[in-house]
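Count the sequence shown with the working numbering and you get residues -19 to 404, in order.
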Amino acid sequence: MNDQVKQLQKEGNQLYADGRYDAARAVYTKAIALLTAGDDSSSACAPDGADTASWKSLTASQLLSNRAQTTIQERDFAAALHDATLALKHNTKNEKALLRKLVALENLERFEAALQLVNTVLDNGEKNAPTVFQYCVAARRRLRKNLAKDREVAASEVKQMGKMVHDKQQLRINFGCLLPSQVPLEQFFDVNVNIGNEFGLFRRDYVKNGEKIYLQCSLRNNNEKKFKLKFQEPLDPSDVGDAGSADANGKLTLNDRGKASFRVAVVTADASKPSNHSKPLALQVRAHESSTATWNLFPVVSLPFTVVPPGGKLNEGITGDLGVHCCRAVSMPGLQHEILLAESPGNLGIGGKLWDSCLVLTRYLAARREVLNEKQVVELGSGLGLVGIFCSLLGARVTLTDMEVRKHRLAATLIQRSHPVIPS
-19 MNDQVKQLQK EGNQLYADGR YDAARAVYTK AIALLTAGDD SSSACAPDGA DTASWKSLTA
41 SQLLSNRAQT TIQERDFAAA LHDATLALKH NTKNEKALLR KLVALENLER FEAALQLVNT
101 VLDNGEKNAP TVFQYCVAAR RRLRKNLAKD REVAASEVKQ MGKMVHDKQQ LRINFGCLLP
161 SQVPLEQFFD VNVNIGNEFG LFRRDYVKNG EKIYLQCSLR NNNEKKFKLK FQEPLDPSDV
221 GDAGSADANG KLTLNDRGKA SFRVAVVTAD ASKPSNHSKP LALQVRAHES STATWNLFPV
281 VSLPFTVVPP GGKLNEGITG DLGVHCCRAV SMPGLQHEIL LAESPGNLGI GGKLWDSCLV
341 LTRYLAARRE VLNEKQVVEL GSGLGLVGIF CSLLGARVTL TDMEVRKHRL AATLIQRSHP
401 VIPS
């Protein structure tokens, strides 16, 4: 296999020299796959007298660095950054990989991260890597100038953003990905969460220096406690460093950008084997009890997913005709149960999202129940239907109205509830 990897690397280098970057990348990818196919097979790859792990790391670093260069030639700097970062994990002294990471960061206009890396190289006096050292000497002044311009632009943007972001808004938890619709037991899948206001915006100055925001991820519809969640770190952590974290109990720690990435699997709580027809489950993420005193965060609930035996197929999430991608569990004073609403802003625009104005009106009515008791209420432009559903739970007879395209989503929400609410 050693000869195969070397031959593929040679072929890739020749294709690159001929300007056939896409073909070279395909060959490098094949060589990387062959190299990392498995520990047993790779142990036979090392040349005589060489340390297997060392040889494998050095070769993987070269191949990933070469693949990064093919994407730099095609100006796909995000892919180049990914490969160059991986190459440096295999071999921190790979000069070409370091140079390619710097080139990618600068072209992605991630000047702060690039300057940090440049300063590290210069401070450590990496004169054994003269090409990188010379690049860093020239790049430092250029990056500082770009950062100064960025700060001017950022100051202007903060002023404009202030009109859309302020401390009176209800921050909410969001899924940054669509969760699977079918999950085999014991199979891990990726989950990304973030917090933001009703426009999805988050400002770092929400969080004080040194402060941490904690969330709790748990299973919903798991009344019989047949299942539990198992957590692990993401396979490919972000190259910028802190990607947040999840502990064994589902306590999530957000990074300074209000985000966290992790992997989770559904496992049985005991040795019993659940049937294939178990009630669909869902993931729920809310503020952790250690953060609720400081952070009033609106929880999020995933779309339901079915659980199948180990070895089954992991099916992608399905938003359906209505474009629903998550749900909101709303608790209000005086209600014994939560109101579960489906959000579909992608398909229904403004009408498919839960806005702060709905929450403000609902809380106002909760404090003045006498206004609603045994009254008839007509809500114009109901959107998700929160206000109307809440009014009906407090004793009013309610008629919800909206555009034709949004009535189907309203009806789907109301069918799940046996309230005297009439969609029209």
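Every residue, glycine too, gets a C-beta built ideally from N, C-alpha and C.
Margin query: Under DSSP, the beta strand (DSSP E) around I369 begins and ends at which residues?
Written below: Where I369 is concerned, there is no enclosing beta strand (DSSP E), although the alpha helix (DSSP H) it sits in stretches over L366 to L373.
Note to self: Among the candidates L209, P260 and F285, whose CA atom is the shortest distance from the CA of D250?
What the structure shows: The candidate whose alpha carbon is nearest that of D250 is L209.
Item checked: Three-way DSSP call (helix, strand, coil) for G176 in this model -> Here G176 sits in strand by DSSP.
Next item on the list: Go through its chain and collect everything with a Cβ distance to A410's Cβ below 7 Å, but skip five positions before and after it.
Entry: Here the chain covers residues -19 to 404 and nothing more, so residue 410 does not appear.
Notebook entry, point to check: Going by the beta-carbon positions, is the gap between F423 and A245 smaller than 8 Å?
Noted result: Shown here, the chain extends from -19 to 404; a query on residue 423 therefore has no answer.
Item checked: Sub-8 Å separation of Q196 and G238 beta-carbons -> No.
Note to self: Please identify the residue among E323, L345, E318 and Q316 whose C-alpha is closest to the C-alpha of T299.
What the structure shows: Of the candidates E323, L345, E318 and Q316, E323 places its Cα closest to the Cα of T299.
Note to self: So, with DSSP's three-state summary, where would you put Q150?
What the structure shows: When DSSP states are grouped into helix, strand and coil, Q150 belongs to the coil group.
Notebook entry, point to check: Measuring CA to CA, which of M312, T379 and H317 is closest to R348?
Noted result: For R348, the closest C-alpha among the options M312, T379 and H317 is that of M312.
Check: Among residues of its own chain, excluding the 5 on either side of K192, which ones have a beta-carbon nearer than 7 Å to its beta-carbon?
Finding: Only residues of its own chain outside the window of five on either side were considered, and among them T233 have a CB closer than 7 Å to the CB of K192, listed in chain order.
Note to self: Determine, for F57, whether the minimum Cβ-Cβ distance to residues of chain D falls below 8 Å.
What the structure shows: Checking the listed chains, one finds no chain D in this structure; it contains a single protein chain.
Notebook entry, point to check: Which of helix, strand or coil does DSSP assign to V187?
Noted result: Three-state DSSP puts V187 in coil, outside helix and strand.
Check: What whole-angstrom Cβ distance do V340 and E359 have, given they're in contact under 8 Å?
Finding: Not quite, the Cβ-Cβ distance comes to about 15 Å (not below 8 Å), so this is no contact.
Check: Whose C-alpha, out of K(-14), V(-15), V7 and Q(-16), is nearest the C-alpha of L(-5)?
Finding: Considering only K(-14), V(-15), V7 and Q(-16), the residue with the shortest C-alpha distance to L(-5) is V7.
Next item on the list: Would you mind sorting S404 into buried or exposed? The rule is 16 or more other CB atoms within 10 Å of its CB.
Entry: Confidence at S404 is low in this model, with a pLDDT of 39, below 50, so its placement is unreliable and the value that follows should be read with caution. Counting Cβ neighbours within 10 Å, S404 comes out exposed, since fewer than 16 surround it.
Margin query: I'd like the span of the alpha helix (DSSP H) that includes V340, first residue to last.
Written below: If you look at V340, you'll find it in the alpha helix (DSSP H) that goes D336 to A346.
Item checked: Reduced DSSP secondary structure (H/G/I, E/B, other) of I319 -> Here I319 sits in strand by DSSP.
Margin query: So, does the stretch 174 to 186 touch the stretch 302 to 311, judging by three or more C-beta pairs under 8 Å?
Written below: No contact exists between the stretch 174 to 186 and the stretch 302 to 311.
Note to self: Given this structure, state the Cα-to-Cα distance separating G361 from T381, to the nearest angstrom.
What the structure shows: If I take the Cα positions, the gap works out to 6 Å.
Check: So what's Q167 in DSSP terms, helix, strand or just coil?
Finding: Note: Q167 maps to coil in three-state DSSP.
Next item on the list: Grab me the residues of S45's own chain with a C-beta within less than 8 Å of its C-beta, minus the 5 sequence neighbours each way, in chain order.
Entry: In its chain, beyond the 5 residues on either side, D63, A64, A67, N74, K76, A77 and R80 have a beta carbon closer than 8 Å to the beta carbon of S45.
Checklist line | Through-space distance from N172 to F155, alpha-carbon basis | finding: Distance from the CA atom of F155 to the CA atom of N172, rounded to whole angstroms, is 6 Å.
Next item on the list: Give me the Cα-Cα distance between V281 and K188, rounded to the nearest whole angstrom.
Entry: About 27 Å.
Note to self: Considering only DSSP beta bridges, list what K239 is partnered with.
What the structure shows: Looking at the DSSP assignment, K239 forms a beta bridge with N174.
Margin query: Restricting to Cα atoms, I'd like to know which of R243, N174 and T100 is closest to C406.
Written below: Because residue 406 is not part of the residues shown, which for the chain are -19 to 404, the question remains open.
Notebook entry, point to check: Which residue from D(-17), I369, V304 and G375 puts its Cα closest to that of L158?
Noted result: Ranking D(-17), I369, V304 and G375 by Cα distance to L158 puts V304 first.
Notebook entry, point to check: What do you get for P290, buried or exposed, if any count of 16 or more other CB atoms within 10 angstroms of its CB means buried?
Noted result: Exposed: under 16 other Cβ atoms inside 10 Å.
Checklist line | Straight-line gap, D(-17) to R5 (C-alpha atoms, nearest Å) | finding: When the Cα atoms are used, D(-17) and R5 turn out to be separated by approximately 19 Å.
Check: Along the chain, where does the alpha helix (DSSP H) that runs through K210 open and close?
Finding: Counted as a single uninterrupted DSSP element, the stretch harbouring K210 is not any alpha helix (DSSP H) but the beta strand (DSSP E) occupying residues F207 to Q212.
Next item on the list: Round the Cβ separation of E296 and P160 to the nearest angstrom and send it over; I've been treating them as touching at under 8 Å.
Entry: Taking a contact as a CB-CB distance under 8 Å, the pair E296 and P160 counts as one, their CB atoms being some 6 Å apart.
Note to self: For L320, which residues in the same chain have their Cβ closer than 6 Å to its Cβ, ignoring the five residues on either side in sequence?
What the structure shows: Excluding sequence neighbours, L320 sits near C307 and A309.
Checklist line | Whole-number beta carbon distance between V357 and G368, since they are thought to touch under 8 Å | finding: The pair is a contact, with the Cβ atoms about 7 Å apart (cut-off 8 Å).
Check: Taking Cβ to Cβ, would you say L352 is nearer than 8 Å to G375?
Finding: Yes. Within cutoff.
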